[in-house]
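Asker: Oh and the sequence shown: position 90 is 90 in the working numbering, straight run, nothing missing.
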Amino acid sequence: LSIHSGEIICIIGPSGSGKTTLLRTLNFLEPADSGQIRIDDVALDCAKAGKKEIEKLRSKTAMVFQSWNLFHNLTALQNITEGLIYAKKRPRQEALAIAERLLKQVGLLHKKDHYPHSLSGGQKQRIGIARALAINPAVLLLDEPTSALDPEKVGEVLELIQTIAAAGQTMIIVTHEMAFARQVASRVVFMENGEIVEQGPAEQIFGAAQQGRTRAFLAQLHYHA
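1) Would you list the residues sitting across from I172 in a DSSP beta bridge?
2) List the endpoints of the continuous beta strand (DSSP E) containing G200.
3) Please go through the same chain and pick out, in chain order, the residues whose beta-carbon is closer than 7 Å to the beta-carbon of G6, but skip the five residues on each side of it.
4) Could I get the ranges of all uninterrupted beta strand (DSSP E) runs contained in the stretch 32-120, with 3 residues as the minimum, in chain order?
5) Measuring CA to CA, which of F28, G212, L84 is closest to R131?
6) Following the continuous beta strand (DSSP E) through F190, name the residue where it begins and the one where it ends.
7) Compare the C-beta of G16 against all C-beta atoms of chain B and say whether one is closer than 9 Å.
8) Given 8 Å as the limit, is there contact between the stretch 123-130 and the stretch 73-82, that is, 3 or more CB pairs closer than that?
9) Could you pull out every residue in the same chain whose Cβ sits closer than 6 Å to the Cβ of I3, ignoring the five residues on either side in sequence?
10) Just how far apart, CA to CA, sit R92 and S59?
11) What is the rounded straight-line gap between the Cα of Q36 and the Cα of A165?
12) Between the C-alpha atoms of T75 and Q105, what's the straight-line distance to the nearest angstrom?
13) Between the C-alpha atoms of H110 and A97, what's the straight-line distance to the nearest angstrom?
14) How do the stretch 54-72 and the stretch 137-148 stand: do at least 3 beta-carbon pairs fall below 8 Å, yes or no?
15) Measuring only the C-alpha atoms, how far is A202 from V139?
16) Once DSSP output is grouped into helix, strand and coil, what is the label at P14?
17) Taking only the alpha-carbon atoms, compute the straight-line gap between M191 and C46 and give it to the nearest angstrom.
18) Flag this pair as yes or no: are the beta carbons of I12 and L26 separated by less than 9 Å?
19) With distances taken Cα to Cα, identify the nearest neighbour of N73 among K52, L218, P116.
20) On a Cα-Cα basis, can you pick out the residue from G207, L221, V197 that is closest to S17?
21) Does the separation of the CB atoms of N20 and V184 fall below 9 Å?
22) Reducing DSSP to helix, strand and coil, say where A219 ends up.
23) Any heavy atom of the ligand NAP closer than 8 Å to the Cβ of V106?
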């Protein structure tokens, strides 16, 4: 699987097909047994990867999780600044400026002093996205970013992701939102049983898929091009 800078890749497929595992191997949250991962000038041999190589790879990516993974004892602002200050060694004032800019970008600057328990699911996910963007990743990884949200909150998160995509951020998104994938993806990857079955432009996958397994999956969802 090769991805060019600025591409938006949406990975679709049935539950248990390996979509999330693939995403997690890209920043070594799950180690791969073999193969190579290359992001920009960082290349990692999965079978021989050491701690230093893994850290270098992770510095190129940021992950947005299904269930937010915010620190409950930190405010929205602190959830963004802590990683910048302690992991990235940014000066505190610089970290604060970055965090406030990103909170404004995701429409939540007015919630900067609120703790996660007082925020909606959609707001938590938008903060999770802001936190991921704070490190200026080469690749933004999003694992089912709307699956834990109430239906009425899905739209606000998808709209934010579209805005980020329009700004040129390279993204790999595992999603079950087919209409969203068709709208935002420059390429769609269909996975089943741990393998990539088919990939291509969104219009091709949703309008004229070449593989029967892809067509059967979309038909099961009653998705019509």
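C-beta atoms are modelled at their ideal positions from N, C-alpha and C, and glycine is treated no differently.
Answerer: Quick look at the numbers:
1) I9, L141
2) 195-200
3) G168, T170
4) 36-39, 42-45, 61-64
5) L84
6) 187-192
7) Looking at the structure shown, chain B is missing, and only one protein chain is on hand.
8) yes
9) I9
10) 19 Å
11) 26 Å
12) 17 Å
13) 14 Å
14) yes
15) 20 Å
16) coil
17) 21 Å
18) no
19) P116
20) V197
21) Checking the sequence shown, residue 20 turns out to be Thr, not Asn. It is not a contact, given that the beta carbons lie outside the stated cut-off.
22) helix
23) This structure simply doesn't include the ligand NAP, nor any ligand for that matter.
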